[in-house]
Each structure stands twice: as C-alpha cells, then as structure tokens.
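Report on one structure; see the data block that follows.
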Amino acid sequence: MTDQQLESIASCLPFNQADASTTRRFGGTGLGLRIAQSLIHRLGGSLTIESQSEVGTTVTFCVAAASSDYPVQIKTIASEAAGNLQAAQHLSQGCSNDRSLISPRRFDHPTSPDQSVRLDGVKILLAEDGIDNQKLIAHHLRTAGAEVEIAENGAVAVANVISKAISERPDVILMDMQMPELDGYSATERLREAQITTPIIALTAHALPEDRDKCLEVGCDGFATKPINRRALVQLCSDAVNWKLECSSSCMPGPQCR
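Numbering (the working numbering) for the sequence shown: 228 to 485.
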C-alpha cells in the first residue's frame, strides 16, 4: 500500500477500500483489517502496519491478556528459519487445552492427551486414500511405536481385515469416511455385518454433530477430525486399545462389546 492508503486505514474515518479495484481483482470487500483494528482498540491494544507498495504488508498487534487457570501451550508455527513443511507439521499437531472429566464409552476425544503415551506393538490399519495423509498419519503413529498397515480405500480395508485370522487382525482401524470405490461409512457397515468388533475410529474433515452421529450410527466407535492432532490421535488409539482389552475380559465377543 502507498503512504496515502496507509493514512486512510489508520484514520478513524468510515470504512472505504484503500484500492477500489480490490473487489474486482481479488474478491471480498477488504473489511478484515478495519474490523481487526476496531476489535484490538476495543481490547485496549494497538495495531501497527508496515507496507511497501507492490511488495507486501506486515500487520502487528499487541494486546494485554490476563493469565488463565487452564494452561495452554504456545507454539511457533512458522518462522523465517523454518520451511513450509515444518509449519505444516506444527499446524497438523495443533494444541489442545481440552479437559475430559470421564472416560467416554465412545472415543470422540482423548481422555488425557499426553505426549508420553506410547502405542508399542499396537497394530493399526489406516484406511486412507490421500497419499499425503497416509504419510503424515502413519508417521505420527509409527513414531509412537505402532505397526501401521495402509489400505487405499474401503474395499481394500474390508478385504484386509476379513481375510486375516483373528490373531492377525488390527487392534484399531482408522477409517477415512470419504474414499473412492467404497467409502468409510459403507466399509464400516460391512465390517460390523461380518461381526468384526475391532474398534473403528472415523477420520473426517466434517466436524458437525450430525457428521459425528452418522459415523457412530454405522458402527464407528470414535471420531477424529482433520487436520489431525497427533497427540489426540495417539491418545484416541490408546483409549481404543484399553477399552478393547477391558471388553475382552468382561464380556463375550460380539456387537454388544462395542
């Protein structure tokens, strides 16, 4: 932006775009910066803008915040010294300040996300068609000690599980719900129809309550949203394994154990 455009934004005059052609060229109205400025001022903070025409703009703000009773982790997700891959990995891991009060029967959220949780020797079948997601999720699980096998769609996943002896079947199935040939919903239904009681955790980018309910209705035991939070996913898998062991020792095999 030019100096004149910066002065226009810095002033408290009613909103107008610094460049009237912005909507035509990029879409949107350009209200974001003015809204951010107004919000920060209401919070008692300050906002500064540094810009060079045809090069780029840097916006910095400072807001005083009170300490919280609930500790949260602050992560640097990008820096000049870090590449895009490192930033993407930070974002995929995420941060969480969730607190669970009970151990749920369903594994929608980890009971207590803990970086020390291990999955040593746990056999996990990952049904996922996206190559990047396959690599990232498998890396997270293997780093925690799990043995990971990958199925590129629901049909392959169903055939993989049914064809194996009970002792060779996975301890946990991670099921992407949107896959070609046979999606995760249909694959889960087929596994349950075949009396497969292995815990199934749904993986989906759809996070609405009705999406969760749909996954549970077809037979999934847990629900995790994308982008995947590494610690939360590892904890979910650990919870599923522990629940499976408890079920095996307390009831006869069958759908009632789910």
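Where is the CB? At the ideal position from N, CA and C, for every residue including glycine. Predicted model, so just to flag it, every value in this text is computed and none were measured.
Next item on the list: Please confirm if the stretch 420-428 is in contact with the stretch 393-411, defined as three or more CB-CB distances below 8 Å between the two stretches.
Entry: Touching, per the Cβ criterion.
Item checked: Rounded separation between T249 and C289 - CA only -> Bear in mind that the predicted position of T249 carries a pLDDT of just 49, short of 50, making it unreliable; the figure below should be weighed with that in mind. In a straight line, the C-alpha of T249 is about 27 Å away from that of C289.
Margin query: Taking the alpha carbon of V445 as the reference point, which residue from L418, L460, A371 and K471 has its own alpha carbon closest?
Written below: For the residues L418, L460, A371 and K471, the minimum Cα distance to V445 belongs to L418.
Margin query: Spatial neighbours of E416 within its chain, please: C-beta separation below 8 Å, excluding the five flanking residues on both sides.
Written below: V445 and G446
Note to self: Less than 8 Å between the beta carbons of E420 and G381, yes or no?
What the structure shows: no
Checklist line | Residue environment, V282, which counts as buried when at least 16 other CB atoms sit within 10 Å | finding: exposed
Notebook entry, point to check: Under 8 Å, do L353 and Q361 count as touching if we go by C-beta distance?
Noted result: yes
Note to self: On the DSSP letters alone, give me the boundaries of the beta strand (DSSP E) that L430 sits inside.
What the structure shows: I427 to T431
Note to self: Out of L363, L266 and T287, which one is the CA nearest neighbour of L274?
What the structure shows: T287
Notebook entry, point to check: Whose C-beta lies closer than 8 Å to the C-beta of D410 among residues of the same chain, with five residues either side of it excluded?
Noted result: Within the same chain, G381 and M404 come within 8 Å of D410 by CB-CB distance, once the 5 residues on both sides are set aside.
Notebook entry, point to check: Can you name, in chain order, every residue of its own chain whose Cβ lies under 6 Å from the Cβ of K453, other than the five neighbours on each side?
Noted result: A432
Notebook entry, point to check: When burial is assigned at 16 or more other CB atoms within 10 Å of the CB, is S390 buried or exposed?
Noted result: exposed
Item checked: Distance, E355 Cα to M406 Cα -> 7 Å
Check: Can you tell which of A292, S280, G348 and V468 has the C-alpha that lies nearest to the C-alpha of G271?
Finding: A292
Notebook entry, point to check: L472: buried (16+ other C-beta within 10 angstroms of its C-beta) or exposed?
Noted result: exposed
Checklist line | Test item: CB-CB of V349 and E374 under 8 Å | finding: yes
Next item on the list: For my contact list, S265 and L346 are in at a C-beta cut-off of 8 Å; report their separation, rounded to the angstrom.
Entry: Approximately 47 Å separates the beta-carbon atoms of S265 and L346; this is outside 8 Å, ruling out the contact.
Check: Around the Cβ of G310, are there at least 16 other Cβ atoms within 10 angstroms (buried) or fewer (exposed)?
Finding: Residue placement at G310 cannot be trusted, given a pLDDT of 49 that sits under 50; what the coordinates show is reported in the next sentence. Exposed is the call here.
Notebook entry, point to check: Would R269 be called buried (16 or more neighbouring beta carbons within 10 Å of its own) or exposed?
Noted result: exposed
Notebook entry, point to check: Nearest CA to the CA of R457: which residue from F450, I262, D438 and H366?
Noted result: H366
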